[in-house]
């Protein structure tokens, strides 16, 4: 069975602060895929990143960066210099194969960035 | 293409009534997925289609739930004899699955919120 745990239910920061969202996963598969999505108040989940289990390189995209560590089964997400527009619910997800639609999602972390 | 569209955005119904939600995916996407999302939780996979074929429906919550994608384009999710526990957001997503690529990227709709009184 697969499981994704996002232990932080809610995080509140002040604009320009850095913030890290934690994601810990459980799987018995040797090949798997990890994802992060953003769900703003409008409701649509927006894809942010995909990472397969064989690629442990960290990735940076603008103010966003991701730290994948297989040794600790974690895939953490950092927002640098947070902005009010970053306020949303962020979900981490795990898929056993390339069919990302069957992913197991965590329960999300609600991020509030205050001006 | 304006993305994945879902209709209606909100539906309020009385217990015991049937409801139907529609999802229009991105036109070139061959896969379509349905999810349920309850407050404070992540999306829960229900079923999916590849073109018009429903490839998995074992995760539909009960036999009151059914989905169709008759021509491989739009899809409907029907809930019969609704119960208060069915109140949730129902999300649709689509993707283009290619044999040679890695995990497919999903595009989600904004969801249909169901309230059962």
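Residue numbers (our numbering), protein chains in the order written: chain H, 5 to 119; chain C, 461 to 577. The C-beta atom is built at its ideal place from N, Cα and C for all residues, glycine as well. A quick note: this is a predicted structure, and the numbers were derived from the prediction, not measured.
Of all the CB atoms in chain H, is at least one closer than 8 Å to the CB of residue i?
{"i": "residue 500/C", "result": "yes"}
{"i": "residue 534/C", "result": "no"}
{"i": "residue 548/C", "result": "no"}
{"i": "residue 570/C", "result": "yes"}
{"i": "residue 555/C", "result": "yes"}
{"i": "residue 520/C", "result": "no"}
Of all Cβ atoms in chain C, is any one closer than 8 Å to the Cβ of residue i?
{"i": "residue 103/H", "result": "yes"}
{"i": "residue 54/H", "result": "yes"}
{"i": "residue 33/H", "result": "no"}
{"i": "residue 20/H", "result": "no"}
{"i": "residue 111/H", "result": "yes"}
Beta carbon of residue i, beta carbon of residue j: below 8 Å?
{"i": "residue 46/H", "j": "residue 553/C", "result": "no"}
{"i": "residue 52/H", "j": "residue 41/H", "result": "yes"}
{"i": "residue 473/C", "j": "residue 536/C", "result": "no"}
{"i": "residue 36/H", "j": "residue 57/H", "result": "yes"}
{"i": "residue 108/H", "j": "residue 8/H", "result": "yes"}
{"i": "residue 466/C", "j": "residue 482/C", "result": "yes"}
{"i": "residue 150/H", "j": "residue 13/H", "result": "What is shown of chain H runs 5 to 119, which leaves residue 150/H out entirely."}
{"i": "residue 96/H", "j": "residue 79/H", "result": "yes"}
{"i": "residue 106/H", "j": "residue 505/C", "result": "yes"}
Grouping DSSP H, G and I as helix and E and B as strand, with all else coil, what is residue i?
{"i": "residue 93/H", "result": "strand"}
{"i": "residue 22/H", "result": "coil"}
{"i": "residue 5/H", "result": "coil"}
{"i": "residue 546/C", "result": "helix"}
{"i": "residue 527/C", "result": "strand"}
{"i": "residue 507/C", "result": "strand"}
{"i": "residue 522/C", "result": "coil"}
{"i": "residue 75/H", "result": "helix"}
{"i": "residue 553/C", "result": "strand"}
{"i": "residue 104/H", "result": "helix"}
Looking only at DSSP bridge pairs, what is residue i linked to?
{"i": "residue 483/C", "result": "466/C and 535/C"}
{"i": "residue 121/H", "result": "Given a span of 5 to 119 for chain H in the structure shown, any question on residue 121/H remains unanswerable."}
{"i": "residue 46/H", "result": "Bridge partners of residue 46/H: none, in fact."}
Residues of the segment 41 to 71 of chain H whose Cβ lies closer than 7 Å to any Cβ of chain C, in chain order: 46, 47, 48, 49, 51, 54 and 56
Contact list for the segment 487 to 516 of chain C against chain H, Cβ threshold 8 Å: 491, 493, 500, 501, 502, 503, 504, 505, 508 and 516
Interfacial residues, the segment 78 to 90 of chain H to chain C, with Cβ spacing under 8 Å: none
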